[in-house]
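Everything on this sheet refers to the single structure shown next.
Residue numbers (my numbering): 61 to 304.
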């Protein structure tokens, strides 16, 4: 599937054209369930760098964009999803990709817990960092597991696959960091852990959603097969603060 045409506003946002919290999940998370973690400058919010490289603003306007520039330090690299500055003064765009946003909505089969999945905590941080450094670099940090519950499947004493919850706000939690060690691919572990995390989210009364790159055909095949609904596609920017 090709990239979204940025000249077509209808290509972004939800299919009905009505704004929802899912259109701006980073800022929504930092305003609600993760407000206690947020670094704040006016209307702009970000996660501490040791937790996640994400920031958000409520809307694109000069005031919020100025707040965001003040919040970021020169040399900082941040990810911003969908709601981004209209003027990139003070920033350098390092990467611009399109993300598919999936939602667990009216699935054909229910999500079920995975018997092999174990809940991970501080004792497993080194295992999580080792695996994500290998197959999921850049977005998982030493403090990322503070954002939600993470689960893993171990084989032979090694973390073979993992996944958990990252962004969260009223009614929704994001499935994230679903990854498998190369030695254990092709065993269905990613799909099994995805179901487990979705079941965990549902047990708390929330709706699961997740993001993956448009070009990640393998991941999209897994999520389509699980019964997740492709809600929309959103632009994601990785940017470096250059200073004024």
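Glycine included, every Cβ here is placed at the ideal spot set by N, Cα and C.
Computed from a predicted model, the values in this text were never measured in an experiment.
Exercise. Who does residue 229 pair with in a DSSP beta bridge?
Worked result: 232
Exercise. By the 10 Å Cβ neighbour count, where 16 or more other Cβ atoms means buried, how is residue 143 classified, buried or exposed?
Worked result: buried
Problem set entry | Residue environment, residue 21, which counts as buried when at least 16 other CB atoms sit within 10 Å | Past the edges of the chain, shown from 61 to 304, lies residue 21, and the structure says nothing about it.
Exercise. Under the three-state reduction of DSSP, which class applies to residue 159: helix, strand or coil?
Worked result: strand
Exercise. Just checking my contact of residue 179 with residue 110 at CB under 8 Å: how many whole Å lie between their CB atoms?
Worked result: Contact doesn't hold; Cβ gap of about 22 Å is too wide.
Exercise. How close, in whole Å, do the beta carbons of residue 157 and residue 273 come, if the pair is a contact with beta carbons under 8 Å?
Worked result: 6 Å
For this session: May I ask you to list the residues that DSSP assigns as paired with residue 100?
Result: 105
Exercise. What separation, rounded to the nearest whole angstrom, lies between the Cα atoms of residue 276 and residue 96?
Worked result: 33 Å
Exercise. Does DSSP put residue 245 in a helix, a strand or coil?
Worked result: coil
Exercise. Ends of the beta strand (DSSP E) at residue 202?
Worked result: Here residue 202 belongs to no beta strand (DSSP E), and DSSP marks it neither H nor E.
Problem set entry | Beta-carbon proximity of residue 150 to residue 304, cut-off 7 Å | yes
Exercise. Should residue 116 be labelled buried (16 or more other beta-carbon atoms within 10 Å of its own) or exposed?
Worked result: buried
Exercise. So who's on the other strand from residue 151, going by DSSP bridges?
Worked result: 301
For this session: State the DSSP-derived secondary structure class of residue 367, mapped to helix, strand or coil.
Result: An answer regarding residue 367 cannot be provided, because it is not within the stretch 61 to 304 covered by the chain.
Exercise. Hey, residue 270 and residue 236 are a contact pair by Cβ (cut 8 Å); roughly how many whole angstroms apart?
Worked result: 7 Å
For this session: Give the DSSP-derived three-state secondary structure of residue 94 in the structure shown.
Result: coil
Exercise. Is it right to say residue 190 is buried, meaning 16 or more other beta carbons lie within 10 angstroms of its own, or is it exposed?
Worked result: exposed
For this session: Would you check if the segment 236-255 and the segment 112-131 touch, i.e. whether three or more CB-CB distances between them fall below 8 Å?
Result: no
Exercise. Is it buried or exposed for residue 175, if we count other Cβ within 10 angstroms and need 16 for buried?
Worked result: exposed
Exercise. Taking residue 289 as the reference, which of 166, 233 and 98 has the closest Cα?
Worked result: 166
Problem set entry | DSSP-derived helix/strand/coil call for residue 257 | helix
Problem set entry | Distance, residue 168 Cα to residue 132 Cα | 43 Å
For this session: Taking all protein chains shown into account, decide if residue 75 is buried (16 or more other Cβ within 10 angstroms of its Cβ) or exposed.
Result: Only weak support is given to the placement of residue 75: the predicted model assigns it a pLDDT of 44, under 50, and the question is left unresolved by the model.
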